[in-house]
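Scroll down for the structure; my scribbles are underneath it.
2 protein chains.
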Amino acid sequence: MTHGRDEIGQRSETVRRANLGVIVRELYARGPLSRSELVRRTGLTRSAIRVLTGELATAGLVTEGQSPLLGVPGRPSHMVRLVPLGAAVLALEIAVDSSAAAVVGLDGSVDGWVRRERTRSDDPEERAAGIADLAARVLGDRAVADVAGIAVAVPGVVRRHDGLVSMAPNLRWRDVAFGEMVARALGVPGPVAVANEADLAALAELHRGAARGETDVVLVSGSIGVGGGLVVGGRPLLGAAGYGGEIGHVPVHPAGAPCRCGSTGCWETEVGLEAILARAGRPVAGGLAALDGLLREAADGDAAALGALDETGAWLGIGLAGLVNLLNPRLVVLGGVFETIFPFVTDRIEAELDRRVLPAPRALVRVVPAKLGADAPLRGAAELAFEPLLQDPARWFARARATPERRSA
Amino acid sequence: MTHGRDEIGQRSETVRRANLGVIVRELYARGPLSRSELVRRTGLTRSAIRVLTGELATAGLVTEGQSPLLGVPGRPSHMVRLVPLGAAVLALEIAVDSSAAAVVGLDGSVDGWVRRERTRSDDPEERAAGIADLAARVLGDRAVADVAGIAVAVPGVVRRHDGLVSMAPNLRWRDVAFGEMVARALGVPGPVAVANEADLAALAELHRGAARGETDVVLVSGSIGVGGGLVVGGRPLLGAAGYGGEIGHVPVHPAGAPCRCGSTGCWETEVGLEAILARAGRPVAGGLAALDGLLREAADGDAAALGALDETGAWLGIGLAGLVNLLNPRLVVLGGVFETIFPFVTDRIEAELDRRVLPAPRALVRVVPAKLGADAPLRGAAELAFEPLLQDPARWFARARATPERRSA
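For the record, the sequence lines run as chains E and X.
This note's numbering applies: residue 1 is where the first sequence begins, and numbers increase by one.
This note's numbering applies: residue 410 is where the second sequence begins, and numbers increase by one.
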């Protein structure tokens, strides 16, 4: 072959950068690995791994040390691990009734966290200014330009590529360029990454929670609305413009109740928090406090409370049956309100799946509660914020080297 | 950098084979391209393209010639095109009422085609023997070992990796290792690739029909059952074990009619051929002939016929609304029976989407009829059969070189 060198000469810098990314992503997803494991998992040679991890160590992203495993035959292999705060991101969350910010390291560790009750106004510019205040608090001495990425969770429908929030009914937003607003408020080049809170909760459950290591997952997160994340073949399902995964608005009962979206009988009209409370004869605006009361009565064996939860389980099972037939996932993770009510609905969900899912996909799927609780959207924002670094760590070094005065500030 | 040569030396054969695949896939997807276009589309250097296309020409997969474009400034660029029968595949179809086989070339051209009414029995071994007979007829002088791939379309739920048909209600099959059976009947090492007919019709519409060039598509194919194909980010959605895309069994009317799958109110109980006929007061077993009668009456303005089709359109729209909210596709393609009734249902479908889809994904999606008609599943089987060659053409040369006596036979 005479073309090899020519073609490869052209591409070797691209290959080097891609391989740095492969190593960092393996360490990020799996935790510390020996050089031998990196060789096995990446398909790179031992000497390439040595040189590339050396480069990552010089950049302060990894450390290397002797393996703690004793009694393994052969030469000890060096363990390679990410430096937790070798790079950090700024994770932000706009919730309906609060805002939150955190600085998160490469190992998922949180180095600064703050949550504040909602401001009086849902005006987007005011919410952007408020979140920038929280960001300044958690950043402390760090300059915002030093973080490896920034992302914001919002309770709305988001166009991923530019952070436009096309609709956020509970904030009464329509077509808000929130990624741009947050960038201006923080004083960084925009737009900042923005994504739906339930999608991000799903991402966090995928990387750090109940779905870690799974490639085909349906993640459902319930509150007043119902959102989620669909993971297909190891990749989040975004659709043509990032609007995919609106599982709350799948029609399951076309002659059912009106939905805030203008349709009728959407899944969230049957399983959202308000529907659960209404079914139990409680005030629909009672929120999580009313749900706690309902769960206490159910735990005491109250038949009406148990009946309302069972009927909710049936509708959960009906909607999930469609998702399982469509997507053939191995795992369904129920978060938010559904994590709370899980013990009271799991039997009915399983029964509906038995009845409504084709036998082959039925045999493969498990339904489990989420693990990360109420901070899942914020943790998901951290995962999203790390994506550029994980795709191309060399670009991050170059930027970090270009701003030494900031880094030593 | 001292590691470049070492690491790359290890990988150059892999890179060469991958690049051969990139070139063949570009030509397969787009038709003839100039060398300059190949440079632009693949990111390879001009000299690499020259060497790699030379290798493909030696293997008989491509030809090169002067560009037919006159009046373009600069040196004329060589056009590279696939040799239509440089490689061919065997495409097979088991339908409920017929079997079919075709030999298909790299440009989609059909070199031998036969369809035969169903045999008396639906016994899987007899259907496998019957399809092997048809295969021998279309292969003519070719040995079955000479084809680049073989795939079978079946009207059932299929586990892709081994061709197990877990359920095919209209054939009364359950857990049939059909990929193995067809391989034995043909006398080739098994299993042969097997996939759902509607999934394959969708694949054909994607590569050769209404969805060509699209990356986010919902393809729906209606007959007695309703199947389809979901394409997400340019890749078919298969799910954890290849059972994904069972759109006919999404619950849309939980208190509705019983479905053959054991559930109630699946989408196909509202939009399948039998539901359409029942709604119009025609015998449910009347088949396509009864549908033709219904369409003639509708064309003549018969109110009952138009009403039945309009109600079918409403249920089509309800199911599609869920899929569009979930998947954010740019295109929905309606095939099979839905292609036939399209002019009578399109307005009602659009109205339901207006009402039930969130504004952002609604604005992006178009609903169009399929293009390939009744042969779409067979054409899709050809597409599936070509996949190994498109992934790794060098492996196909090696096999072809290893059996010269067969190729000259």
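Where a beta carbon is used, it is the ideal one built from N, C-alpha and C, also for glycine.
For clarity, every value in this text was computed on a predicted model and none was experimentally measured.
- Closest by C-alpha distance to residue 171 of chain E, out of E/286, E/159, E/98, is E/98.
- The shortest CA-to-CA distance from residue 521 of chain X to any of X/537, X/500, X/615 is the one to X/500.
- Assignment of residue 570 of chain X by DSSP, reduced to helix, strand and coil, places it in the coil class.
- For residue 625 of chain X, at least one C-beta of chain E is nearer than 7 Å to its own C-beta.
- Excluding the 5 residues flanking it on each side, residue 189 of chain E has same chain C-beta neighbours closer than 8 Å at 183, in chain order.
- Taking all protein chains in view, the Cβ of residue 709 of chain X is surrounded by fewer than 16 other Cβ atoms within 10 Å, so the residue is classified as exposed.
- About 4 Å separates the beta carbons of residue 688 of chain X and residue 717 of chain X, which is inside the 8 Å limit, making them a contact pair.
- Put simply, the CB of residue 487 of chain X is far from chain E, with every gap to its CB atoms at 7 Å or more.
- The beta carbon of residue 245 of chain E lies closer than 7 Å to those of 199, 228, 229, 230, 237 in the same chain, with the five residues before and after it left out.
- Rounded to the nearest whole angstrom, the CA to CA distance from residue 434 of chain X to residue 794 of chain X is 14 Å.
- Taken through DSSP and simplified to helix, strand or coil, residue 249 of chain E comes out as helix.
- In this structure residue 701 of chain X is exposed. Its beta-carbon is surrounded by fewer than 16 other beta-carbon atoms within 10 angstroms.
- In this structure, the straight-line span from the alpha carbon of residue 399 of chain E to that of residue 376 of chain E is close to 29 Å.
- As the crow flies, the alpha-carbon of residue 487 of chain X is around 38 Å from that of residue 601 of chain X.
- Against residue 773 of chain X, the close residues of chain E are 240, 241, 243, in the order they occur along the chain (beta-carbon pairs closer than 8 Å).
- Shown here for residue 642 of chain X: same chain residues with a beta carbon closer than 8 Å to its own, the five before and five after excluded, namely 624, 625 in chain order.
- Sequence-distant partners of residue 541 of chain X (beyond 5 residues in either direction) whose C-beta falls short of 6 Å from its own C-beta, in its chain, are 594, 595.
- Around the C-beta of residue 109 of chain E, fewer than 16 other C-beta atoms lie within 10 Å, and the residue is accordingly described as exposed.
- Residue 106 of chain E sits close to residue 84 of chain E, with the two beta carbons spaced by under 7 Å.
- The shortest C-alpha to C-alpha distance from residue 335 of chain E to any of E/58, E/350, E/356, E/273 is the one to E/273.
- DSSP places residue 640 of chain X within a strand segment (E or B) once states are collapsed to three.
- Contiguous alpha helix (DSSP H) elements confined to the region 524-560 of chain X occur at 533-548, taking only those with 4 or more residues.
- Here DSSP, grouped into helix, strand and coil, assigns residue 24 of chain E to helix.
- When Cβ-Cβ separations below 7 Å define contact, residue 36 of chain E makes no contact with chain X.
- Between the beta-carbon of residue 586 of chain X and that of residue 573 of chain X there is about 6 Å, and that keeps the pair under the 8 Å contact cut.
- Identification of residues in the region 197-211 of chain E having a C-beta nearer than 8 Å to some C-beta of chain X yields an empty set.
- In this structure, residue 155 of chain E and residue 168 of chain E form a Cβ contact; the two beta carbons are roughly 6 Å apart against a cut-off of 8 Å.
- In terms of Cβ geometry, residue 727 of chain X and residue 777 of chain X do not form a close pair [threshold 7 Å].
- In the DSSP assignment, residue 222 of chain E falls outside any alpha helix (DSSP H) and lies within the beta strand (DSSP E) extending over 217-222.
- In this structure, the alpha-carbon of residue 589 of chain X lies about 22 Å from that of residue 363 of chain E.
- In terms of Cβ geometry, residue 312 of chain E and residue 271 of chain E form a close pair [threshold 7 Å].
- Of the residues assessed, residue 366 of chain E falls on the exposed side of the cut-off, its CB having fewer than 16 other CB atoms within 10 angstroms.
- Residues are counted here when their Cβ sits less than 7 Å from a Cβ of chain E; for the region 721-748 of chain X these are 727, 730, 731, 734, 735, 736, 737, 738, 739, given in chain order.
- With a cutoff of 7 Å on beta-carbon distance, residue 738 of chain X and residue 659 of chain X are scored as not near each other.
- Taking 7 Å as the cut-off, the Cβ atoms of residue 345 of chain E and residue 323 of chain E do not count as close.
- The beta carbon of residue 447 of chain X sits closer than 7 Å to those of 432, 435, 458, 489, all from its chain and outside the five residues before and after it, given in chain order.
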